[in-house]
Amino acid sequence: MKRLLGIFLLSIVSSATLAQNFYFNPLTGKDSNNGKTPETAYKSLNKVKKIKIKPGDQVLLAAGINHWGQLKLENFQGTEKQPIIISTYQADEKVNDEVKNAYATINAKGFYNGISIVNSQYLQVSNLNVTAPDGFIYDWVKKQSKNKKSPMRIGVMLEASKKGTYSGITLDNIIVNNVFFNPPGITRSIKETHTANGTESYSFGIRAFARNGGKFNNLVIQNSTVSNISHTGIKLNGKKATINNVTLSNNKVFDIGGPGIQMSGASNVHVYGNIVKNSGSTKDSRNWGRGSGMWTWGSSHVLVEYNKFLNANGPADSAGFHIDFNCDNIIVQYNISANNAGGFIEILGNNYNNAYRYNVSINDGYRVKKKGVASQEGKTFWFSGFVGKDKERHGPYNSYIYNNTIYVKKEILSKIAVTRVSKGALIANNIFHIVGGSKAVKGDQYSPETTGESHVKDILFTNNVFLKESNWPKSILIQDSAPVFGDVQFANPGGTNLADYIPLNKALVENNGIEIPHIVNDKHGLFKGLTVKHDILGNPIIGKPDMGAIEISKAVQTK
């Protein structure tokens, strides 16, 4: 028995020691080397395709150096206990501190993708920089592309294109910056910017694409930065939950020509601690120039919390966060949404049991509809029944909107739209501090929603604080049954910090919230429950909740 145990332990040690490092250095390496030491490093990234990578192996790129081309990782099969590592190594101990702290840079000049991960699993990719600023693609690469009409350029591409589930891929500390499909000088037309998702070739930062029966499971993208991209920063492309169990955390996405983060066909996703700034950016003429900080489509059970969605721009959509159609169980909580052209709350049709709660919105929805400039009004609050062009609108269903703090400065006309086909909604305990005017508008995807018989029902709209009676126009289909009017007296209205929106009017706010019930005829509620234990600042909720996103007594003590 002891002999068998010894053999078993020896086999474990042997398998671990068999793991091999492979080094790449374009300055000192040669592809005729064996790549097994820094002194015998390979030269070109293309060599990766010609060596056998086993579980536990590491592919290491020299720091502070441009590695030209594409790093393609196809059919790399690590294991849960022995993932394959792709990262940076310090090539020269004598280099200066700037280089010593740098990542290896993959310059994808001539290629569509900087890093391409295809039908692989249990990979940990970290500490790499990807760029491709000039828009050049080799002719022989173009001929190999299956997408002849509108090919895309992608910093990091993850593809599940064969039947099966590919698990355990982690991207950590990846920098994708200045990746463009087109050369400088290309300008997008107004017509192109007004299309739903763009029709031309663009670049994406990080994109996961599941198709042909391929699925992703346990995908992590964390601590990474995506900037100066012509379309979407981080994009998940699936269908009917083909991308499952995803974590997007502590990423920075900024100066993006399209949406900051977008997901389709994803399920069981946790999005937290991210900063998305300047989505829909027009700073580069190659950018699409439109996009929400984040939006979901056809996705389920997504928790979005502790993020900042700032300065979204564009002629349509371009909210801080919006829930596009065909989603269910999307919870948006504990986020800051500020200065987004499209607005704050936007829920489209065929959506079920979604929520905005305990968020702070600052000056969202400032966009003004104008022919040739903007096709949609910016909106503070929007329930839309839109489910696709020329399709009959319906929903959203069972939408929970509670304990949000909404501040709109005097210079912005607050616009509100509620579709006549919305069914099931709870709107309570919110602070609508709208300093200027308010206006009821129609939903306006492609064309304003037609008038007709209202099918709105199962609405509990009660106990919200409005700065003044005109904050919620009487012409809107739904009205607060027990509104409260008054100035909550924010600590510093117009500021950009959460502490600026601590109400000082305790009599109006403290313990005046209602407990949140299920909507009539809704048996499901929210997948994380209707009751929360703390506010956006982490202060505990004891007894009845306060109005808005901040528990006033605890906030004042810990300010």
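Position one of the sequence shown corresponds to residue 1147 (our numbering), numbered consecutively onward.
Where a beta carbon is used, it is the ideal one built from N, C-alpha and C, also for glycine.
Spatial distance of residue i from residue j (CA atoms)
i     : j     : result
G1384 : Y1348 : 19 Å
N1275 : I1477 : 32 Å
T1388 : K1195 : 27 Å
D1633 : L1654 : 8 Å
K1361 : K1381 : 15 Å
K1517 : F1467 : 25 Å
T1708 : V1514 : Outside the shown range of the chain (1147 to 1705) lies residue 1708, about which nothing can therefore be said.
L1456 : S1699 : 28 Å
S1431 : G1331 : 7 Å
W1528 : S1464 : 13 Å
T1316 : E1305 : 14 Å
S1335 : E1346 : 11 Å
K1308 : P1619 : 53 Å
I1580 : S1621 : 17 Å
N1179 : N1167 : 13 Å
V1399 : K1588 : 32 Å
T1551 : Y1452 : 15 Å
H1213 : P1691 : 55 Å
I1320 : Y1249 : 9 Å
I1662 : N1575 : 9 Å
K1585 : A1501 : 23 Å
Y1647 : A1695 : 9 Å
E1492 : I1469 : 6 Å
N1651 : Y1480 : 22 Å
K1386 : D1668 : 23 Å
Q1368 : N1472 : 27 Å
I1230 : F1170 : 16 Å
Environment of residue i [buried if 16+ CB atoms lie within 10 Å]
i     : result
K1148 : Confidence is the limiting factor: at K1148 the pLDDT is only 46, short of 50, which leaves the residue's position unreliable and the question unanswerable from this model.
W1441 : buried
W1286 : exposed
L1164 : exposed
L1151 : In this prediction, L1151 has a pLDDT of 42, which is less than 50 and means its spatial position is unreliable; nothing more can be read from the coordinates.
L1644 : buried
P1329 : exposed
E1523 : buried
Q1290 : exposed
T1565 : buried
P1461 : buried
Y1284 : exposed
A1342 : exposed
Q1625 : exposed
V1372 : buried
I1153 : The predicted model places I1153 with a pLDDT of 40, which falls under 50 and marks its position as unreliable, so this point remains unresolved.
N1358 : exposed
H1670 : exposed
S1296 : exposed
Spatial neighbours of residue i in its chain, beta-carbon cut-off 6 Å, leaving aside the 5 residues before and after
i     : result
I1508 : A1484, Y1553
L1219 : I1263, S1266
K1189 : P1172, G1175, K1176, D1177
I1573 : I1547, F1607
P1201 : G1224, T1225, Q1228
V1666 : D1604
Y1543 : Y1498, K1569, G1570
I1158 : Low local confidence applies: a pLDDT of 44 at I1158 is under 50, so the model's placement there is unreliable, with the coordinate-based value given in what follows. Once the five neighbours on either side are set aside, I1158 has no close Cβ partner at all.
K1537 : none
N1475 : S1446, H1447, N1499, F1673
N1273 : S1233, T1234, Y1249, N1319
M1409 : L1382, T1442, S1445
R1353 : I1300, M1303, K1381
V1366 : T1316, T1393
Own chain residues within Cβ distance below 7 Å of residue i, not counting five before or after
i     : result
S1161 : Low per-residue confidence applies at S1161: pLDDT is 47, beneath 50, and the placement is therefore not dependable, though the value from the model is reported in the following sentence. Once the five neighbours on either side are set aside, S1161 has no close Cβ partner at all.
G1697 : Reading off the sequence, residue 1697 comes out as Glu, not Gly. Answer for E1697: D1681, N1685, I1687, listed in chain order.
H1377 : G1344, Y1348, S1349, F1350, G1403, G1404, W1434
S1627 : F1607, T1608
D1280 : K1255, P1329
Other residues of its chain near residue i: CB distance less than 8 Å, five sequence neighbours each side excluded
i     : result
A1278 : N1253, A1254, K1255, F1257, G1260, R1299, G1301, N1324, V1325, F1326, S1349
F1282 : K1255, G1256, P1329
Cβ separation of residue i and residue j, assumed to be a contact under 8 Å, to the nearest whole Å
i     : j     : result
L1494 : K1674 : About 21 Å; that fails the 8 Å criterion.
S1370 : G1411 : The pair is not a contact, with the Cβ atoms about 22 Å apart (cut-off 8 Å).
F1631 : P1649 : The Cβ separation is near 14 Å, so there is no contact.
G1439 : V1422 : 4 Å
N1459 : A1487 : 5 Å
Y1268 : S1233 : Contact flag wrong, Cβ pair sits at about 15 Å.
S1395 : G1379 : Going by Cβ atoms, the distance from S1395 to G1379 rounds to 14 Å, so no, they are not a contact pair.
G1511 : F1532 : In fact, because the Cβ distance is near 17 Å, the residues do not count as touching under 8 Å.
Residue i at chain C interface by Cβ criterion, 8 Å
i     : result
N1575 : Checking the listed chains, one finds no chain C in this structure; it contains a single protein chain.
Quick one: which unbroken beta strand (DSSP E) runs of 3-plus residues sit fully inside the stretch 1577 to 1659? Chain order, please. Annotation note: the stretch 1577 to 1659 contains the following uninterrupted beta strand (DSSP E) runs of length 3 or greater, listed N- to C-terminal: 1577 to 1580, 1584 to 1586, 1603 to 1608.
If you scan the stretch 1260 to 1291 from start to end, which runs of the beta strand (DSSP E) of 3 or more residues do you find wholly inside it? 1269 to 1278
At what residue ranges does the stretch 1161 to 1222 contain a whole run of the beta strand (DSSP E), taking only runs of 3 or more? Within the stretch 1161 to 1222, the complete beta strand (DSSP E) runs of at least 3 residues are 1167 to 1170, 1204 to 1208, 1212 to 1214, 1217 to 1220.
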